[in-house]
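**Student:** The opening residue of the sequence shown carries number 110 in the working numbering; numbering runs sequentially from there.
Glycine included, each C-beta is placed from N, C-alpha and C at the ideal position.
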Amino acid sequence: MSQAVRIGIAGLGRLGRRHAENLAFRVPGAELVAATSPIKEEQDWATSTFPGLTAYASLGEMLNHPDLDAVWLVTPTSLHAEQTIEVIEAGKHVFCEKPLALETADCDRVIEVARKHADQLVMVGFMRRFDSAYAEAKRMIDAGELGDIFSIRCSSEDPVDPNGFFIRFAPTSGGIFLDCCIHDIDLVRWMLDGAKVTNVSSAGSRVMYPALADCGDVDNAFATANFETGAVATFHVSRTSHRGYEANMIIAGTKGTVEIGKAIPRQPLTLERDSSRTICGQVDFFERFDEAFLNEARAFVEAVRSGGPTPSSIEDAREATSLACSLRDVLTVS
Ligand code: NAI
Numbered sequence: 110m111s112q113a114v115r116i117g118i119a120g121l122g123r124l125g126r127r128h129a130e131n132l133a134f135r136v137p138g139a140e141l142v143a144a145t146s147p148i149k150e151e152q153d154w155a156t157s158t159f160p161g162l163t164a165y166a167s168l169g170e171m172l173n174h175p176d177l178d179a180v181w182l183v184t185p186t187s188l189h190a191e192q193t194i195e196v197i198e199a200g201k202h203v204f205c206e207k208p209l210a211l212e213t214a215d216c217d218r219v220i221e222v223a224r225k226h227a228d229q230l231v232m233v234g235f236m237r238r239f240d241s242a243y244a245e246a247k248r249m250i251d252a253g254e255l256g257d258i259f260s261i262r263c264s265s266e267d268p269v270d271p272n273g274f275f276i277r278f279a280p281t282s283g284g285i286f287l288d289c290c291i292h293d294i295d296l297v298r299w300m301l302d303g304a305k306v307t308n309v310s311s312a313g314s315r316v317m318y319p320a321l322a323d324c325g326d327v328d329n330a331f332a333t334a335n336f337e338t339g340a341v342a343t344f345h346v347s348r349t350s351h352r353g354y355e356a357n358m359i360i361a362g363t364k365g366t367v368e369i370g371k372a373i374p375r376q377p378l379t380l381e382r383d384s385s386r387t388i389c390g391q392v393d394f395f396e397r398f399d400e401a402f403l404n405e406a407r408a409f410v411e412a413v414r415s416g417g418p419t420p421s422s423i424e425d426a427r428e429a430t431s432l433a434c435s436l437r438d439v440l441t442v443s
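Below is the structure:
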């Protein structure tokens, strides 16, 4: 493909706006030509921020935009599977934010449609794979530098949210395993080359956000997964961190251990005073993964231009949903 990839974005919320800005200003070979949101203010934001862009009130209308090549889905998770199918059937490539769906059977429906449209690329947004630290750990594992991997300890912590955004978000997000832990699940599978899971357990609590009980969600969860290789992964996901946002992973092998993401400061500044030490923690995932979101968008656009394949498959996305559902389904709540 010699011309720019003409992209329409669906969803202009918290993350959709970031993706839109990346696609419009920071991704070579991409042209953001259209956007859709059911909310008029969001449509107006798009047309005023990106001159020449056309805004639509529905995905169906946007799919008729002239010469559209690809759609970026950044809509509520509960819509992902149906919208991905709609976009594929309209003949466009699809980038869909994580997770692909909230049930494995819905992922299977998407895969079935995608297989009938093999020329169209579908990729799910596991942007941590495009972070330089996780990517370096994967390279080390593949090169045998860590030996045989026997444990992966993951922790993903969101800061305490006084506005309660994620409580309003919870009914459509799928809960803590499908919304938050899914990143670590995907990374663990990636690090272990897609090894099969043999056993899972999970436990959680809702100490600061009791309203999550309405949708069966929790604000802290712990889980384990055994893999057929003998490796064990542990997961801790939290919505109540006091240190800010942090995504941390410790990968141990028979020859070495790597730790990713521990205590990354917002600024490279440590204040020592009155016998105490202070660093400024990161506020959110945008700050931590800005580069990864950009690399991910560049990789998908490049895959479309070169005819594929995409760096990660929808079969991987299906397996991530499947494992997240298994953890959700065995959850015991204190
Ligand atoms: P949000 O609630 O802030 O935004 C959702 C957007 O979708 C809004 O603009 C809303 O108007 C729009 N929308 C709703 N129905 C629509 C429809 N039928 N057609 C088109 N647009 C529609 O949610 P947020 O935080 O932006 O999350 C969106 C997706 O991105 C979720 O699936 C979430 O899991 C994912 N996400 C991924 C992250 C990552 O780390 N990769 C981080 C944050 C979100």
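Would you kindly work out how many angstroms separate the C-alpha atoms of H226 and E424, rounded to a whole number?
**Tutor:** When rounded, the distance between both Cα atoms is 15 Å.
**Student:** Enumerated in chain order, which unbroken segments of the beta strand (DSSP E) with a length of 3 residues or greater are wholly contained in the segment 130-164?
**Tutor:** The qualifying runs are 139-145.
**Student:** According to the neighbour-count rule (16 or more other Cβ atoms, all chains shown, within 10 Å of its Cβ), is N308 buried or exposed?
**Tutor:** So N308 counts as exposed.
**Student:** Given L403, which residues of its chain have a CB within under 6 Å of its CB, disregarding the five upstream and five downstream residues?
**Tutor:** Contacts found: N131, R135.
**Student:** Quick check on L380: buried or exposed, where buried means 16 or more other Cβ atoms within 10 Å of its Cβ?
**Tutor:** Exposed, because fewer than 16 other Cβ atoms sit within 10 Å of the Cβ of L380.
**Student:** Is it true that the CB of F344 sits closer than 9 Å to the CB of A356?
**Tutor:** Contact flag unset, no.
**Student:** Hey, could you find the ends of the alpha helix (DSSP H) Q192 is sitting in?
**Tutor:** Looking at the DSSP string, the run of the alpha helix (DSSP H) that includes Q192 is 189-198.
**Student:** Could you tell me the alpha carbon to alpha carbon distance between F235 and V367, rounded to whole angstroms?
**Tutor:** Cα to Cα, F235 sits roughly 21 Å from V367.
**Student:** Taking the continuous alpha helix (DSSP H) assigned at E206, which residues delimit it?
**Tutor:** First-last for E206: 202-206, but that is the beta strand (DSSP E), not the alpha helix (DSSP H).
**Student:** Is there contact here, the segment 357-364 with the segment 242-259, by at least three beta-carbon pairs under 8 Å?
**Tutor:** A contact exists between the segment 357-364 and the segment 242-259.
**Student:** Provide the residue span of the alpha helix (DSSP H) that contains H345, from first to last.
**Tutor:** Careful: H345 lies outside any alpha helix (DSSP H), inside the beta strand (DSSP E) at 341-350.
**Student:** With DSSP as the reference, please indicate the residues paired to T379 in a beta bridge.
**Tutor:** DSSP, once it has assigned bridges, lists I388 as partnering T379.
**Student:** Once the 5 residues before and after T193 are set aside, which same chain residues still bring their CB inside 6 Å of it?
**Tutor:** The residues are V203, C205, V219.
**Student:** Could you tell me if H351 is buried or exposed, where buried requires 16 or more neighbouring beta carbons within 10 angstroms of its beta carbon?
**Tutor:** Exposed, because fewer than 16 other Cβ atoms sit within 10 Å of the Cβ of H351.
**Student:** Beta strand (DSSP E) containing I373: first to last residue?
**Tutor:** Counting along the chain, I373 falls outside any beta strand (DSSP E), and DSSP gives it neither H nor E.
**Student:** Find out if the Cβ-Cβ distance for the pair F286, A332 is shorter than 9 Å.
**Tutor:** Yes; because the gap between Cβ atoms is below 9 Å, this pair is in contact.
**Student:** For R315, does the three-state DSSP call read helix, strand or coil?
**Tutor:** DSSP places R315 in coil when its eight states are reduced to three.
**Student:** Compare the beta carbon distance of A166 and K201 with 9 Å and say whether it is the shorter of the two.
**Tutor:** Not a contact, by the Cβ cut-off of 9 Å.
**Student:** Taking the beta carbon of R348 as the centre, do at least 16 other beta carbons fall within 10 Å, making it buried, or is it exposed?
**Tutor:** Counting Cβ neighbours within 10 Å, R348 comes out buried, since at least 16 surround it.
**Student:** Express the C-alpha separation of E150 and G353 in angstroms, rounding to a whole number.
**Tutor:** Roughly 30 Å between the two C-alpha positions.
**Student:** Check whether the Cβ of K201 sits closer than 8 Å to any heavy atom of the ligand NAI, and report yes or no.
**Tutor:** Because no heavy atom of the ligand NAI lies under 8 Å away, the Cβ of K201 does not count as near it: no.
**Student:** Reducing DSSP to helix, strand and coil, say where R298 ends up.
**Tutor:** If DSSP states are grouped into helix, strand and coil, R298 belongs with the helices.
**Student:** In or out: M232 buried (at least 16 other Cβ within 10 Å) or exposed?
**Tutor:** The residue in question, M232, is buried, as its Cβ has 16 or more Cβ neighbours within 10 Å.
**Student:** How about I118 and T145: do their beta carbons lie closer than 9 Å?
**Tutor:** For I118 and T145, yes; Cβs fall inside 9 Å.
**Student:** With a threshold of 8 Å (Cβ to nearest heavy atom), would Q192 be considered close to the ligand NAI?
**Tutor:** At least one heavy atom of the ligand NAI is nearer than 8 Å to the Cβ of Q192, so yes.
**Student:** What do you reckon, are the CB atoms on A342 and D270 nearer than 9 Å?
**Tutor:** Contact: no.
**Student:** So, is S445 buried or exposed, given that buried needs 16 or more other C-beta atoms within 10 angstroms?
**Tutor:** Because the chain is modelled from 110 through 443, residue 445 falls outside the range shown and cannot be assessed.
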